[in-house]
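Sequential numbering of the sequence shown, starting at 37, is according to my numbering.
The next block holds one structure in the form of structure tokens; read it before the comments.
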Amino acid sequence: APARDLTGGGGAGGVGVESTIVDLTVDPPQVLRAGAIDTDDLRRILAGDIAEGTGPSRASGMLASHYAPACAVETVDDRNTADAVAERRRAGGERVGVLDRTDDLVVAANRLYADLRAADAAGLDRLVVVLPPAAGLGHAIRDRLFKASASRPDPASRAD
37 APARDLTGGG
47 GAGGVGVEST
57 IVDLTVDPPQ
67 VLRAGAIDTD
77 DLRRILAGDI
87 AEGTGPSRAS
97 GMLASHYAPA
107 CAVETVDDRN
117 TADAVAERRR
127 AGGERVGVLD
137 RTDDLVVAAN
147 RLYADLRAAD
157 AAGLDRLVVV
167 LPPAAGLGHA
177 IRDRLFKASA
187 SRPDPASRAD
């Protein structure tokens with residue numbers, strides 16, 4: 037098998053975001069999907085360098101747009117920016133929510149998909165999300181948020 041699930045169970049890693057997937061058939065090994073085990077830990081575990089996954093999708097979660105709710109997801113770097121963006125979007129007539137779980141990344145990881153589904157259930161047009169720091173578990177959360185916010189084709193514009 038070209039990729040290995042480093043949680044050992046082949047399933048959810050218990051932190052809310054999927055497990056880390058690493059392709060060990062290339063040199064250096066490539067992280068195909070960030071998860072609870074971060075790159076620094078992988079370097080220690082594998083006693084060597086680790087690269088970001090490149091090439092065609094070889095694992096779940098490698099698509100540019102994934103994990104996305106029906107509403108638009110917009111990522112920002114801090115709460116002040118989130119509030120300003122939300123206010124501006126609301127003034128334009130959008131139904132907007134703000135999500136900031138940067139105070140507890142374990143909770144953020146555990147609640148991420150529920151938070152995205154709740155935005156849809158609330159009928160939001162847009163969810164403005166404050167990104168966690170790019171360290172440790174924050175890498176996996178950021179990865180999922182970037183994919184949730186990636187542009188995707190408008191289903192109404194597709195030809196039947």
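Where a beta carbon is used, it is the ideal one built from N, C-alpha and C, also for glycine.
Here the structure is a predicted model, which is why all the values come from computation and not from measurement.
Query - the region 122 to 140 in contact with the region 77 to 89 per 3-pair CB rule at 8 Å - result: no
**Report entry** the region 140 to 158 touching the region 169 to 176, judged by at least three CB pairs closer than 8 Å
**Finding:** yes
Query raised in the report: Quick one: what's got a C-beta closer than 7 Å to D179's C-beta in the same chain, skipping five residues either side?
Result: A70
Query raised in the report: Are the Cβ atoms of D119 and V134 separated by less than 8 Å?
Result: yes
Query - Limits of the alpha helix (DSSP H) - the one that V142 falls within - result: 141 to 157
**Report entry** Which of helix, strand or coil DSSP assigns to D113
**Finding:** coil
Query raised in the report: Do you know how far the Cα of L60 is from the Cα of L68?
Result: 10 Å
Query raised in the report: Is V121 helix, strand or coil when you go by DSSP?
Result: helix
Requested in this report: Out of V112, L167, T75, F182, state which residue places its alpha-carbon closest to the alpha-carbon of D140.
Outcome: L167
Query raised in the report: What distance in whole Å lies between the Cβ atoms of L181 and P105, which are believed to be in contact at a cut-off of 8 Å?
Result: Not confirmed; about 11 Å, so no contact.
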